[in-house]
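See structure below.
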Amino acid sequence: MSKIHQIQIEITVFENENELSKQDLFLLNEAREATKRAYAPYSKFSVGAAIQLQNGEIILGSNQENAAYPSGLCAERTAIFSASTQFPNEIIETIAIAAKPKESIDFIAISPCGSCRQVMSEYENKQNKPIRMIMEGENKSIYIVSSIANLLPLKFSKKSLDKKV
């Protein structure tokens, strides 16, 4: 007999950026600045990411498009892969993301795509410690999740590969 189970996630919503800690606001502003480095001639949609490592380093990333669309890379993965390359054993504490259409002065609500969620989940598993995420929300609100697991509750992981058929 089938059963219905509910999965709950936890997201903290701040009405505006003034409610954030100084460090969280700094990281979000770094992500906003990173949008200026996006190469987005096709979508005209600039995304920036800023990662705070445990050692205090801030690593930036931005989306990088390509005429062969699958060859581009999202801001979150650009930042995570860069952090892993530069600081392979350092813990990722927090990642902030921001986005805006090219012609807009306002940032818009954004959450990571499925591929980015999967990659962030992998790094959360690798470091055996949650990664916080700060995102622009609706109507200038800010969303914070305490773990990527809140964004990808039914994730694919090493445990999935270890199952015997």
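1 is the number of the first residue of the sequence shown in full-length UniProt numbering; add one for each residue after it.
Don't be surprised by glycine CBs; every beta carbon is placed ideally from N, CA and C.
Nothing here was measured: the structure is a model prediction, and the numbers come from that model.
- The beta carbons of K44 and K102 sit closer together than 7 Å.
- Counting only residues of its own chain and dropping the five nearest sequence neighbours on each side, T12 has a CB closer than 6 Å to the CB of I144.
- Between the stretch 112-121 and the stretch 84-91, the count of C-beta pairs closer than 8 Å stays below three; the two stretches do not touch.
- One thing to note: V47 has its Cβ within 7 Å of the Cβ of N63.
- Taking the C-beta atoms as reference points, T94 is found nearer than 7 Å to Q52.
- Per DSSP, S146 lies in no beta strand (DSSP E) segment and is marked neither H nor E.
- With a threshold of 16 other beta carbon atoms within 10 Å, Y69 falls short and is exposed.
- Shortest Cα-Cα distance from A75 to any of E15, L161, P130 and R37 involves R37.
- Nearest C-alpha to R77 among L151, A50 and K100: A50.
- Assignment of A31 by DSSP, reduced to helix, strand and coil, places it in the helix class.
- In this structure, N16 places its C-beta atom within 7 Å of the C-beta atom of K140.
- In the displayed model, I7 falls within coil according to three-state DSSP, outside both helix and strand.
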